[in-house]
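Below is one structure, written out as structure tokens; comments come after it.
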Amino acid sequence: EGNSQLGSASKPSTSAGVNIDPQLKGEVQSFLEWIKDSEGLSGYINYYLQQNNTSIISELSKIYAELRQIFGV
């Protein structure tokens with residue numbers, strides 16, 4: 001569906017007893033902050049959309065489709 005958003009899917013449950021590498025978890029959290037930051041990912045995307053950079057827009061579209069497939073949305 002075209003109206004569904006990446007963040008709208010229900011959050012996956014966490015498994016008890018699973019150890020996640022703290023450095024990896026920190027990097028993922030930093031990545032999430034960068035995505036949320038208006039000067040982060042959304043700022044870059046808006047810039048390239050305003051510049052009508054078809055090469056970057058095409059690559060972003062591929063990445064977006066891949067992320068949707070990974071998360072099943």
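Numbering (UniProt numbering), first residue to last: 1 to 73. Positions of the beta carbon are idealized from the N, C-alpha and C atoms, including for glycine. From a predicted model like this one, the values you see are computed outputs, not experimental measurements.
Looking at the structure shown, is residue i part of a helix, part of a strand, or coil, going by DSSP?
i: N46; result: helix
i: L67; result: helix
i: G26; result: helix
i: S38; result: coil
i: I20; result: coil
If you draw a straight line from the alpha carbon of residue i to that of residue j, how long is it in whole angstroms?
i: N31; j: Y47; result: The sequence shown places Phe at residue 31, not Asn. Cα to Cα, the separation comes out at about 19 Å.
i: D21; j: E33; result: 18 Å
i: S55; j: K62; result: 11 Å
i: Q50; j: G26; result: 32 Å
Verify the contact flag: residue i, CB atom, against every heavy atom of the ligand MG, threshold strictly below 7 Å.
i: S30; result: This structure lacks the ligand MG; in fact it carries no ligand of any kind.
Less than 8 Å between the CB atoms is what I'm expecting for residue i and residue j, so what's the real figure, rounded?
i: L60; j: I70; result: So it is not a contact: roughly 15 Å between Cβ atoms.
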